[in-house]
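In what follows, a structure is listed as structure tokens, so that the remarks can point back to it.
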Amino acid sequence: MGEVRTWTDATEKFSIRGRLFQTGDYAVRILKTDGRTVAVPIAKLSDADRQFLESRTRQVAHNKRLDDVAGLDLLTGQADTTAIDESSLLGRLRVSSELMNKLFTASFTRTQPVSETIVGTPVRGVSHTVGNASIAFSPSDDRALILVPIHGVVTSRTTGYAGPVNVHGTGHSPFASSIRVELDQRGVRVLPGTTQATTNSTVTGISANVGPFFSGLVTRAAERRVAASRAQANWEAARIVERQINSTISQEIDQAM
Numbered sequence: 029m030g031e032v033r034t035w036t037d038a039t040e041k042f043s044i045r046g047r048l049f050q051t052g053d054y055a056v057r058i059l060k061t062d063g064r065t066v067a068v069p070i071a072k073l074s075d076a077d078r079q080f081l082e083s084r085t086r087q088v089a090h091n092k093r094l095d096d097v098a099g100l101d102l103l104t105g106q107a108d109t110t111a112i113d114e115s116s117l118l119g120r121l122r123v124s125s126e127l128m129n130k131l132f133t134a135s136f137t138r139t140q141p142v143s144e145t146i147v148g149t150p151v152r153g154v155s156h157t158v159g160n161a162s163i164a165f166s167p168s169d170d171r172a173l174i175l176v177p178i179h180g181v182v183t184s185r186t187t188g189y190a191g192p193v194n195v196h197g198t199g200h201s202p203f204a205s206s207i208r209v210e211l212d213q214r215g216v217r218v219l220p221g222t223t224q225a226t227t228n229s230t231v232t233g234i235s236a237n238v239g240p241f242f243s244g245l246v247t248r249a250a251e252r253r254v255a256a257s258r259a260q261a262n263w264e265a266a267r268i269v270e271r272q273i274n275s276t277i278s279q280e281i282d283q284a285m
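With the numbering used here, letter number 239 in the sequence shown gets 267, and the count goes up by one each step, no holes.
In structure tokens form, the structure reads like this:
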């Protein structure tokens, strides 16, 4: 991060001591000797400091940039004290629409195989997920909080294998998710989300791999067992959908970041 040096504003009245921590096209972040960081617009720095920056590489720490920091003013104060009103800085952070669009597209779809166990029965098939995201901003003095509600539905076509009996069916699972994104001096953090889902399953057919003499008997017994376990099966399927949606959202965010 470089040597500890004294940074001054263009008037040379106010200064801070610290190391160069991050740099962008319009602002730099300085790690002060007390361990805290402050952001300073390059245009507000002294000529000597700007020349120093020009002599350094533009590689920023942690590959993060500060190009979205704009309109910051140096405050009055004694030498070697905080030269930036940090709460004001955070209040003026401009959230890049490009970044938000990259993180959370208006809608997403995903088709994936199903391989689960529901009420003790192996279930195989395919599911299709459609979701829509929106963004709501909730600024505060010390951070910017972005709420991202996501609504959608998972449809599935599966077969359950219970011994000689195959149970064919479809599932319809509406879901609602909510995740939070925080932006502050430390950067962007995506907090774990929560998902709630309900499942309504429909049996489309039951087949039995037995001889014709026993087929009807086995099929009717299977129908009774399926009807008796339907509520539990729907509950377990909904919990699986919730885990899948949380995983899908995490993957989308990881790819975007």
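Even glycine gets a Cβ: it sits at the ideal position worked out from N, Cα and C.
**Prompt:** Nearest-angstrom Cα distance between I273 and T223?
**Reply:** Here residue 273 refers to the residue found at position 245 when the sequence shown is read from its first residue. Here residue 223 refers to the residue found at position 195 when the sequence shown is read from its first residue. Distance between the alpha carbons of I273 and T223: 7 Å.
**Message:** Can you list, in chain order, the residues of its chain with a C-beta nearer than 6 Å to that of T36? Leave out the 5 residues immediately preceding and following it.
**Reply:** Here residue 36 corresponds to residue number 8 of the sequence shown, with the count starting at 1. The residues are S43, S74.
**Prompt:** So, T186 versus V142, is the Cβ gap smaller than 7 Å?
**Reply:** As a first step, residue 186 is located in the sequence shown; it is residue number 158 there, counting from the start. As a first step, residue 142 is located in the sequence shown; it is residue number 114 there, counting from the start. Taking 7 Å as the Cβ cut-off, T186 and V142 qualify as a contacting pair.
**Asked** Which class does N262 belong to by DSSP, given the choice of helix, strand or coil?
**Response** Working through the sequence shown from its first residue, we reach residue 262 at position 234. In the three-state reduction of the DSSP assignment, N262 falls in the helix class, which pools H, G and I.
**Terminal residues of the alpha helix (DSSP H) in which A38 lies** = Within the sequence shown, numbered from 1, the residue matching residue 38 stands at position 10. Premise fails: A38 is in no alpha helix (DSSP H) and is neither H nor E.
**Prompt:** Over what stretch of residues does the beta strand (DSSP E) that includes L73 continue unbroken?
**Reply:** In the sequence shown, the residue the question calls residue 73 occupies position 45. Under the DSSP assignment, L73 falls outside any beta strand (DSSP E); it carries neither an H nor an E label.
**Message:** With H, G and I counted as helix, E and B as strand and the rest as coil, what does DSSP make of N237?
**Reply:** Working through the sequence shown from its first residue, we reach residue 237 at position 209. In the structure shown, N237 sits in coil (DSSP, three-state: anything other than H, G, I, E or B).
**Message:** With DSSP as the reference, identify every bridge partner of A225, one or two as the case may be.
**Reply:** Walking along the sequence shown from the start, residue 225 turns up at place 197. According to DSSP, A225 bridges with F203.
**Message:** Quick check: what's the CA-CA separation for R47 versus E31?
**Reply:** Position 19 of the sequence shown, counting from 1, holds the residue named residue 47. Position 3 of the sequence shown, counting from 1, holds the residue named residue 31. Approximately 6 Å between the Cα atoms of the pair.
**Asked** With burial defined as no fewer than 16 other Cβ atoms inside 10 Å of the residue's Cβ, what is the status of K72: buried or exposed?
**Response** Here residue 72 refers to the residue found at position 44 of the sequence shown. Buried.
**Asked** Taking C-alpha atoms, which residue in P69, S155, H179 lies nearest to A161?
**Response** Numbered from its first residue, the sequence shown carries residue 161 at position 133. Among P69, S155, H179, the Cα nearest to that of A161 is on H179.
**Item:** Three-state secondary structure assigned by DSSP to V32
**Value:** Start at 1 with the first residue of the sequence shown, and residue 32 comes out as number 4. Looking at V32 - three-state DSSP - the assignment turns out to be coil, as it is neither helix nor strand.
**Asked** According to the neighbour-count rule (16 or more other Cβ atoms, all chains shown, within 10 Å of its Cβ), is L245 buried or exposed?
**Response** What you label residue 245 is simply residue 217 of the sequence shown in a count that begins at 1. So L245 ends up on the exposed side.
**Item:** Cross-strand partners of L219 (DSSP beta bridge)
**Value:** Residue numbering aside, residue 219 sits at position 191 when the sequence shown is read from its first letter. Paired residue(s): R208.
**Asked** Hey, would you say T230 sits closer than 7 Å to T276, going by beta carbons?
**Response** Walking along the sequence shown from the start, residue 230 turns up at place 202. Walking along the sequence shown from the start, residue 276 turns up at place 248. No; because the gap between Cβ atoms is not below 7 Å, this pair is not in contact.
**Message:** Less than 7 Å between the C-beta atoms of E270 and A204, yes or no?
**Reply:** Stepping through the sequence shown from its first residue, residue 270 is reached at position 242. Stepping through the sequence shown from its first residue, residue 204 is reached at position 176. Contact flag unset, no.
**Prompt:** Excluding the five sequence neighbours on either side, which residues of its own chain have a C-beta within less than 6 Å of the C-beta of T323, listed in chain order?
**Reply:** In the structure as shown, the chain starts at 29 and stops at 285, and residue 323 therefore has no counterpart that could be examined.
**Bridge partner(s) assigned by DSSP for L48** = The count along the sequence shown starts at 1 and reaches residue 48 at position 20. Beta-bridge pairing links L48 to I58.
**Message:** DSSP three-state label for V147, please.
**Reply:** Taking the sequence shown and counting its residues from 1, one reaches residue 147 at position 119. Residue state, collapsed to three classes: coil.
**Residue environment, V154, which counts as buried when at least 16 other CB atoms sit within 10 Å** = The residue labelled residue 154 in the question sits at position 126 within the sequence shown. With fewer than 16 other Cβ atoms within 10 Å, it is exposed.
**Asked** Should A266 be labelled buried (16 or more other beta-carbon atoms within 10 Å of its own) or exposed?
**Response** Residue numbering aside, residue 266 sits at position 238 when the sequence shown is read from its first letter. Classification for A266: buried.
**Item:** CB contact flag (V193, A261, <7 Å)
**Value:** If you number the sequence shown from 1, residue 193 lands on position 165. If you number the sequence shown from 1, residue 261 lands on position 233. No.
**Asked** Are V158 and V181 closer than 7 Å when you measure CB to CB?
**Response** Counting from 1 along the sequence shown, the entry for residue 158 is found at position 130. Counting from 1 along the sequence shown, the entry for residue 181 is found at position 153. The answer is yes: Cβ separation under 7 Å.
**Request:** Determine the direct distance from the alpha carbon of V56 to that of Q279, and round the result to whole angstroms.
**Result:** Your numbering for residue 279 matches position 251 in the sequence shown. Your numbering for residue 56 matches position 28 in the sequence shown. Cα to Cα, Q279 sits roughly 31 Å from V56.
**Request:** Can you give me the Cβ contacts of S235 inside the same chain, cut-off strictly under 7 Å, excluding the 5 residues immediately before and after it?
**Result:** Counting from 1 along the sequence shown, the entry for residue 235 is found at position 207. Excluding residues within five positions, the ones whose Cβ falls inside 7 Å are N194.
**Request:** Check the Cβ-Cβ distances between A55 and every residue of chain D, and say whether any is below 7 Å.
**Result:** Protein chains in the displayed structure number just one, and chain D is not present.
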